[in-house]
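As you go down the protein sequences, you meet chains A and B in turn.
Going by this note's numbering, the letters in the first sequence line up with residues 16 to 106, in that order.
Going by this note's numbering, the letters in the second sequence line up with residues 3 to 574, in that order.
Take a look at the structure set out below.
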Amino acid sequence: MQAIFRAIDTVNQARPPAQRLRKAADAVLLGPESPLDSLGLVNLVVAVEEEMAEEFGVTVNLADERMRSQTNSPLRTVQALAGYIATVVNG
Amino acid sequence: MSRCVVISDFNAENFAGYLSQEPALPAIEAHAAPFGQVAPLLLDAGHACWSPRPDVVIVWTQPQAVSEAFGRLLDGELVDLTRVIEDVDHYAAQLIGIAGRTGCVLVPGWVLPAHHSGVGLLELQHETGATNVLMRMNLRLAERLAGAAGIHLLNAQRWIEAAGPRATNPKLWYMAKVPFSPDVFQAAARDVRAALLGLSGQSRKLILLDLDETLWGGVLGDVGWEHLTLGGHDQAGEAFVDFQRALKALAARGVLLGVISKNDERVALDAIAKHPEMVLRQEDFAGWRINWNDKAQNVAELVEELNLGLQSVVFIDDHPVEQARVREALPEVLVPEWPSDPMGYRKALMSLRCFERASVSREDRERTRLYITERQRSELKSQVGSLEDWLKTLRVSVAFEPLSGSNLARATQLLNKTNQMNLSTRRMTESELFLWASHPQRTLWTVSVTDRFGSSGLTGLLSVERDGTTARIVDFVLSCRVMGRKVEEAMAAAAVAQAKAWSLRRVEARYQPTAKNMPCLEFWQRSGFAVNGDASVFEWQTQRAYPFPEALTVTSPTAAEAVMQDSGARGR
Chain A
16 MQAIFRAIDT
26 VNQARPPAQR
36 LRKAADAVLL
46 GPESPLDSLG
56 LVNLVVAVEE
66 EMAEEFGVTV
76 NLADERMRSQ
86 TNSPLRTVQA
96 LAGYIATVVN
106 G
Chain B
3 MSRCVVISDF
13 NAENFAGYLS
23 QEPALPAIEA
33 HAAPFGQVAP
43 LLLDAGHACW
53 SPRPDVVIVW
63 TQPQAVSEAF
73 GRLLDGELVD
83 LTRVIEDVDH
93 YAAQLIGIAG
103 RTGCVLVPGW
113 VLPAHHSGVG
123 LLELQHETGA
133 TNVLMRMNLR
143 LAERLAGAAG
153 IHLLNAQRWI
163 EAAGPRATNP
173 KLWYMAKVPF
183 SPDVFQAAAR
193 DVRAALLGLS
203 GQSRKLILLD
213 LDETLWGGVL
223 GDVGWEHLTL
233 GGHDQAGEAF
243 VDFQRALKAL
253 AARGVLLGVI
263 SKNDERVALD
273 AIAKHPEMVL
283 RQEDFAGWRI
293 NWNDKAQNVA
303 ELVEELNLGL
313 QSVVFIDDHP
323 VEQARVREAL
333 PEVLVPEWPS
343 DPMGYRKALM
353 SLRCFERASV
363 SREDRERTRL
373 YITERQRSEL
383 KSQVGSLEDW
393 LKTLRVSVAF
403 EPLSGSNLAR
413 ATQLLNKTNQ
423 MNLSTRRMTE
433 SELFLWASHP
443 QRTLWTVSVT
453 DRFGSSGLTG
463 LLSVERDGTT
473 ARIVDFVLSC
483 RVMGRKVEEA
493 MAAAAVAQAK
503 AWSLRRVEAR
513 YQPTAKNMPC
523 LEFWQRSGFA
533 VNGDASVFEW
543 QTQRAYPFPE
553 ALTVTSPTAA
563 EAVMQDSGAR
573 GR
């Protein structure tokens, strides 16, 4: 979760205060309730991947188009994303 | 708040975001124009991105987008180099074409796309290697833009190097057409901000330095100058010498150096003069306070002596307590956290990014000497009786020159940084000033002052505008370095003479108050101009010539001299 929060910090630095993503487990990443537009989501995905590679030496691919379109997408919320990454990392 | 438009062939939303959200000054409101339309946007003056008029335009392109021939070269084709150069010339012409639509144009130089580097021996091959050709493109662009008012190149390669392996991420490119990572855009945003500070004359102008453990290693009072750590076959000694070299290089670009040290003055000056490895000598310092007083008090006194504002100052001291004291007492002074290891000093200095300048004028290069001669003038003043006697002893001469390409940079610099003797305190870019002065109803002179101690350089600006039967003085700007030598009166005489040459009856100076230009009001109040109703409007009827100060002479062989003769000035 901390790695995701660091990625959120990186992304938020380029966003106006009203459009910043909350550092909270229930923060919504996808859809109309999310402050992120498509570029913002790409920025977050790349930042999280880089954090995972740098911090844990783990390659995670979050940039798959299908991942965004699934009903139960791991990119729904910060909590869902953290759960998905944990699953990948722990095999 | 500067309004900035980013024009690029890639998605620059992230870059615009970093420019807008960075809390450091100057504040920027950046918008990315629709990407991939560089040429149409540059050529279409009616496009929405030009309204309202942006203060800054950043045109950031990739080389393969500007030159189709270079793109083919990246794909392995042999291409005619002249085609590539033609593309660069075409692009440069488009950039020059937009200069009048904005305050200034910043153009990052080209870098190779990440996925195209790494072809080893072929990379730099004469006229065919991609890096070789890219260097030629950058040089050609710099040549074509040289002298173009208001257009400045930035070194994007530095941003890539600063970001290291994280400079690019192919996913950002393939998914969003963003070629660089946040690290690159953040470094770019820092450089843009520093450039804008420099262009508006707000960069730092004075570095005040501690001596012990800052300019050299060791405590002078304890070990004597012969045993200081400085130069020699010693890693710390070499680092101190390198740090001094970096400071000297900044001084050559017009940054003043001064010393604030708790030491015995005689002993410290002796060390500066005698240590064989000192790079900086006494003549490199515009002033010093070497005593046992509070450093914050010393900083304030020296800055006042040098006629600068505290916002112009950087204070460098190895001691955290002294840093904290100055930071707390004088919050406008920039006091950087300083590394404990002298091997980090040079890097720490270079990373400050607060000494930007668009150009380096002769005055910049000689600034320290100007302050030293000013000190000599003050000493002479204390020996001579009246002001008139002192001015005669000084043998002050004034040269009026029209604004031209050769003095535009310095004139703009002076306009933007002069606070005290400034009638209207206008801030303009080079292109704005040149455009304004080109109007046939206006005239703008630069004023250079020389005396027996040497030239003070271009230190004044006078502009006059025809307004009905009145000649209105718009800019009346004089550096504090030459204030109080009757140059103000010479400029007023020039304005009156110009009005007479235009057959106008009246000259008007309208004082625009700021927090810092009270000296200008005081001059006009004692100038002999009549106060016209409002206490901030001063006027002179041109049937009477304004008396040119007796102690001054005019030297410039220009049209301005003819005007000056009307006011009774003595030529030489």
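Positions of the beta carbon are idealized from the N, C-alpha and C atoms, including for glycine.
Because the structure is a prediction, the values reported are computed rather than measured.
Using 10 angstroms around the beta-carbon of residue i, count the other beta-carbons present and answer buried if the total reaches 16, otherwise exposed.
i, result
"ALA532(B)", "exposed"
"SER363(B)", "buried"
"SER202(B)", "buried"
"SER433(B)", "buried"
"ASP477(B)", "buried"
"MET139(B)", "buried"
"ARG546(B)", "exposed"
"ALA517(B)", "exposed"
"LYS419(B)", "buried"
"ARG379(B)", "buried"
"TYR176(B)", "exposed"
"PRO25(B)", "exposed"
"PRO54(B)", "exposed"
"GLN188(B)", "buried"
"GLU79(B)", "exposed"
"PRO89(A)", "buried"
"ARG528(B)", "exposed"
"GLU334(B)", "exposed"
"LYS207(B)", "buried"
"SER505(B)", "exposed"
Tell me, to the nearest whole angstrom, how far the beta carbon of residue i is from that of residue j; I am working on the premise that it is less than 8 Å.
i, j, result
"ASP212(B)", "ASP320(B)", "6 Å"
"SER481(B)", "GLY462(B)", "7 Å"
"GLN325(B)", "VAL315(B)", "Their Cβ separation, rounded to whole angstroms, is 13 Å, which puts GLN325(B) and VAL315(B) out of contact at 8 Å."
"ALA298(B)", "ARG268(B)", "Contact doesn't hold; Cβ gap of about 24 Å is too wide."
"ARG483(B)", "ASN309(B)", "7 Å"
"VAL107(B)", "LEU114(B)", "Not a contact, Cβ separation roughly 23 Å."
"SER465(B)", "LEU446(B)", "4 Å"
"HIS154(B)", "ALA116(B)", "Rounded, the Cβ-Cβ distance is 25 Å, inconsistent with contact."
"THR555(B)", "SER399(B)", "4 Å"
"ILE100(B)", "LEU44(B)", "5 Å"
"ARG587(B)", "GLY459(B)", "This structure gives no information on residue 587(B), because the portion of chain B shown stretches from 3 to 574."
"VAL479(B)", "LEU435(B)", "About 11 Å separates the two Cβ atoms, so there is no contact after all."
Please list the terminal residues of the continuous alpha helix (DSSP H) segment that includes residue i.
i, result
"GLY478(B)", "What sits at residue 478(B) in the sequence shown is Phe, not Gly. Premise fails: PHE478(B) lies in the beta strand (DSSP E), 472-480, not in any alpha helix (DSSP H)."
"VAL104(A)", "93-104"
"THR84(B)", "83-100"
"PHE525(B)", "520-528"
"LEU44(A)", "Element bounds for LEU44(A): n/a, residue is neither H nor E."
"PHE72(B)", "70-76"
"THR152(A)", "Lying outside 16 to 106, the shown extent of chain A, residue 152(A) is not represented and no answer is given."
"LEU217(B)", "Where LEU217(B) is concerned, there is no enclosing alpha helix (DSSP H), given that its DSSP letter is neither H nor E."
"TRP438(B)", "432-439"
"ASP453(B)", "Looking at the DSSP string, ASP453(B) is not in any alpha helix (DSSP H); the run it does join, the beta strand (DSSP E), is 444-453."
Can you give me the start and stop residues for the beta strand (DSSP E) that residue i sits inside?
i, result
"HIS154(B)", "153-156"
"GLY289(B)", "289-292"
"CYS356(B)", "Looking at the DSSP string, CYS356(B) is not in any beta strand (DSSP E), and its letter there is neither H nor E."
"SER458(B)", "456-469"
Just to make sure I have the definition right: I need the residues of chain A whose C-beta is within less than 8 Å of the C-beta of residue i. Which are they?
i, result
"LEU174(B)", "VAL57, ASN58 and VAL61"
"ARG168(B)", "GLU65"
"PRO110(B)", "Per Cβ cutoff of 8 Å: no residues; PRO110(B) is ~18 Å from chain A at best."
List the residues of chain A that residue i touches, going by C-beta distances under 9 Å, in chain order.
i, result
"GLY233(B)", "Within 9 Å Cβ-Cβ: nothing; GLY233(B) doesn't reach chain A, min ~40 Å."
"PRO36(B)", "Simply none; closest approach about 14 Å."
"PRO338(B)", "The premise fails here: PRO338(B) is roughly 22 Å from chain A at the closest Cβ pair, so nothing lies under 9 Å."
What does residue i touch in chain B if you count any residue whose Cβ is under 9 Å from its own?
i, result
"GLN94(A)", "Per Cβ cutoff of 9 Å: no residues; GLN94(A) is ~23 Å from chain B at best."
"THR74(A)", "Under the 9 Å cutoff, chain B gives no residues; its nearest Cβ is about 12 Å from THR74(A)."
Starting from the beta carbon of residue i, find every residue of chain A whose beta carbon is closer than 7 Å, and list them in chain order.
i, result
"ALA178(B)", "LEU54 and VAL57"
For residue i, go through chain B and note every residue whose CB falls closer than 8 Å to its CB, in chain order.
i, result
"ARG30(A)", "GLY19 and GLN23"
Quick one: list the residues of chain B neighbouring residue i, beta-carbon separation under 7 Å, in chain order.
i, result
"ALA78(A)", "LYS173 and MET177"
"THR102(A)", "Within 7 Å Cβ-Cβ: nothing; THR102(A) doesn't reach chain B, min ~21 Å."
Please decide whether residue i counts as near chain D, where near means a Cβ-Cβ distance under 7 Å.
i, result
"ASN16(B)", "The chain labelled as chain D is not found among the protein chains of the depicted structure, namely A and B."
Any heavy atom of the ligand PLP within a distance shorter than 6 Å of the CB on residue i?
i, result
"VAL335(B)", "Here there are no bound small molecules, and the ligand PLP is not part of this structure."
- Pair every Cβ in the segment 514-529 of chain B with every Cβ in the segment 537-547 of chain B, then say whether three or more of these pairs are closer than 8 Å. yes
- Three or more beta-carbon pairs under 8 Å between the segment 58-70 of chain B and the segment 123-131 of chain B, yes or no? no
- Message: So, does the segment 169-177 of chain B touch the segment 130-150 of chain B, judging by three or more C-beta pairs under 8 Å?
- Response: no
- Query: Does the segment 61-75 of chain B come within contact of the segment 4-16 of chain B, defined as at least 3 CB pairs closer than 8 Å?
  - Reply: yes
- Query: Do the segment 229-247 of chain B and the segment 280-289 of chain B meet, that is, are 3 or more Cβ pairs less than 8 Å apart?
  - Reply: yes
- Just checking, does the segment 188-198 of chain B make contact with the segment 31-48 of chain A on the three C-beta pairs under 8 Å criterion? no
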